[in-house]
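A short worksheet on the structure shown next.
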Amino acid sequence: MFKEVRRRISRFAQAIRTMTSTFFVLGDQLSTEVAPWPTLPIDTVILMIESQELISQPRHLTRVSLYLAAMRQFREHVIALGFTVDYRRASNFTQGITAHRKQFEPTAIAMNTPRGRHAISLFTKLGVDLYPDPFYLTDIEEMKTRKKRPATLENFQREQRRRLNLLMDGDEPLGGQWNFDTSNREPLPRDGGTWPEPWTVSLSTAEDALVQELKDTHPGEDALTYWPRTREQALDQLRDAVERIVPHFGPHEDAASADNWHLAHSRLSPALNMGLLHPSEVVEAVMTAFAAGKIPLESTEGFIRQVTGWREWVWLLHHLRGDEYENLNFLAANNSLPGSWKEMGDHEMRCLDGVLKHLHNYGWNHHIERLMILANAATLAGINPLELSNWMATTYVDGAQWVMEANVIGMGTFGDGGQTATKPYIGGGNYISKMTNYCKGCKFSPTVRTGDDACPLTTLYWDFLIRNEEKLAKFNRIAPQRRAALGRPDRQEIQAQAPLATKILLQNKKGV
Ligand SMILES: Cc1cc2nc3c(=O)[nH]c(=O)nc-3n(C[C@H](O)[C@H](O)[C@H](O)COP(=O)(O)OP(=O)(O)OC[C@H]3O[C@@H](n4cnc5c(N)ncnc54)[C@H](O)[C@@H]3O)c2cc1C
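Here numbering that gives the first Met the number 0 is used: the first residue of the sequence shown is 0, the next is one more, and so on.
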């Protein structure tokens, strides 16, 4: 009799199963507060896949453990909501979805549109239905079909401010200015400054075990404690950032320090990029603190611009551009990404040494270390933009194809020949020396262009302008620097020194 009942129950369960559909969640979509969750029938099976193909790549230890820890915590959260979760390990997504279909026979599999183009084409091919991406503030479909789209980030950000009614006084910007960039360009204070301690949260026993399991196969230090793995932790990090960090954001936005890896940066990018935080709640929290007089206008504007401007802008650009974009290489930069960078080891140049150490220790660099040290060095040394982009996308805790593309191939390396930035972001040793304390104690001198003491960045800065003279001719914003380079009396010596400077920049301290 019990056998019969069990058989009937199992037939009933089977019938329900065949009527149910599946909702698939990726590791960067970890929220049950966005659509379609509030209306998802409770008998929907939630599918999550740990892809061995992704886990086994030589990604930074903290990056891999962060995603796995957050996905596993999300699974527990979804189970507690009453859903059935099919959480599986598979060699890759294709294999995972095929195995799920075989076992659960869902009527359909749906998911929120993945954030990157590669993933969209993969899951479309696999027959997964895509819902609109709910993790951004911009309506991408409306943007795609619009006849006249904002041409620059500045126009886009003004549109965002008006549309979202942020820091507006009627139709005009609050304080009479759209942009406080000029007051946000202060160098590192002479004494190195005092910076708010970073937010942390300790590891659970399971997370600790996960780190131990991964640490022999993945490069970098364990810094999981610095990054949130659950929604509650992410909200706590946001509260803390708004209270202690964002009020200091702004003035030293363009500075960097050998002695401090975070300065006054919020470090919210991993939580935002994994879906643990929504940009709207980040903006709301900052605006509430501004209204209460806790954050100055300049810092509020600077921070809001990052979240509603830059972040949404690079996402939009990623989806408006086609697959061919990532292969653009306007400056014909074909040097391979050096092993010394991938190993994040010791470097002869103090700036690269420090930035690679920060990356090694925390899986993260702040914006200026990425832009003015790493991407700048890569551009000057002619490192291939796509190689740099792929490395950064898999190494950084907040790395992803959608966000890397415009930042690295566009802004960082000028690989797209001006589609994202109006000029290459390049600087020699002098600029690094002005904005940071990295040059103090470095064996190379930022003011010297040639000879044994020459800073490789300084040599290559001038060499870059000379070498790319023709390609840069049409970019007005770099015309003064280009003219200065062409008028240099030591042009030939600079060019003769350039191969050695490139070699130093690419190799590690041991000369390999
Ligand atoms: C070469 C290069 C590579 C980068 N790679 C990444 C990356 O892989 N992932 C990533 O999220 N950001 C990337 N950025 C953008 C930016 O450097 C990081 O978002 C930022 O450093 C994250 O730190 P934070 O949270 O303290 O940012 P804050 O300075 O506190 O800014 C607040 C938020 O604004 C957003 N934001 C700010 N600037 C940008 C930007 N240029 N593009 C997109 N979002 C932005 C981030 O979500 C960030 O959390 C890159 C920039 C460059 C130049």
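Every residue, glycine too, gets a C-beta built ideally from N, C-alpha and C.
Values in this document were obtained by computation on a predicted structure and should not be read as measured data.
Exposed or buried, T59, counting other C-beta atoms within 10 Å across all chains shown (16 or more means buried)? Just to set this straight, residue 59 is His in the shown sequence, not Thr. Classification of H59: buried, given that the 10 Å Cβ count is 16 or more.
Applying the criterion that 16 or more other CB atoms from any shown protein chain within 10 Å of the CB defines a buried residue, is I41 buried or exposed? exposed
Alpha carbon to alpha carbon, how far is D27 from D452? Give it in angstroms, no decimals. 46 Å
Could you give the residue range of the alpha helix (DSSP H) that holds I408? Counting along the chain, I408 falls outside any alpha helix (DSSP H), and DSSP gives it neither H nor E.
Reduced DSSP secondary structure (H/G/I, E/B, other) of T393: helix
At which residue ranges does the region 267-313 contain complete alpha helix (DSSP H) runs of 4 or more residues, listed in the order of the chain? 268-273, 278-290 and 296-303
Report all residues from its chain with a CB closer than 7 Å to the CB of Y225; omit the five preceding and five following residues, and keep chain order. P197, T199 and Y361
With a threshold of 16 other CB atoms inside 10 Å of the CB of F1, please say whether the residue is buried or exposed. Low confidence applies here, because F1 scores a pLDDT of 39, under 50, leaving its location unreliable; read the following figure in that light. When all chains shown are included, F1 counts as exposed.
Which of the three DSSP states is assigned to N164 in this structure? coil
Selection from V281, N436, P188 and L330 that minimises the alpha carbon distance to R304: V281
Which same chain residues end up closer than 6 Å to D415 when comparing Cβ atoms and leaving out the 5 residues on each side of it in sequence? L327, I408 and G409
If you measure from the beta carbon of N375 to each beta carbon in chain C, is any gap under 8 Å? Chain labels in this structure do not include chain C; a single protein chain is all it has.
Beta carbon of D180: closer than 7 Å to some heavy atom of ligand 1? no
Spatial distance of G417 from S55 (CA atoms): 36 Å
Any idea if L319 is buried or exposed, counting beta-carbon neighbours within 10 angstroms, 16 or more meaning buried? exposed
Roughly how many angstroms separate the alpha carbons of F23 and Y130, rounded to a whole number? 11 Å
Go through its chain and collect everything with a Cβ distance to V402's Cβ below 6 Å, but skip five positions before and after it. V313
Does the count of Cβ pairs from the region 466-473 and the region 211-226 closer than 8 Å reach three? no
Three-way DSSP call (helix, strand, coil) for K2 in this model: Caution applies to K2, whose pLDDT of 43 falls short of 50 and renders its modelled position unreliable; the model cannot decide the point.
Cβ pair R369, Y437 closer than 8 Å: no
Euclidean distance between Cα positions of P218 and W340: 12 Å
Which residue's Cα is closest to the Cα of G115: Q236, A392 and L275? A392
Can you determine whether any heavy atom of ligand 3 sits closer than 7 Å to the C-beta of G414, and answer yes or no? Only ligand 1 can be found as ligands here, which leaves ligand 3 out of the picture.
By how many angstroms is the C-alpha of D258 removed from the C-alpha of G440? 13 Å
Quick one: grab the DSSP three-state call for L129. strand
What does the Cβ neighbour count give for N164, buried or exposed, with the cut at 16 atoms within 10 Å? exposed
For T123, which residues from the same chain have a beta carbon less than 8 Å from its beta carbon, with the 5 sequence-adjacent residues on both sides left out? L129
CA-CA distance, V396 and L125? 28 Å
Pairing CB atoms from the region 200-212 with CB atoms from the region 60-74, are three or more of them under 8 Å? yes
How about R184: is its Cβ closer than 7 Å to a heavy atom in ligand 1? no
Cβ of N272 within 7 Å of any heavy atom in ligand 1? yes
Mind checking whether the beta-carbon of A288 lies closer than 7 Å to any heavy atom of ligand 1? no
Taking the C-alpha atoms as reference points, what is the distance between P149 and F155? 5 Å
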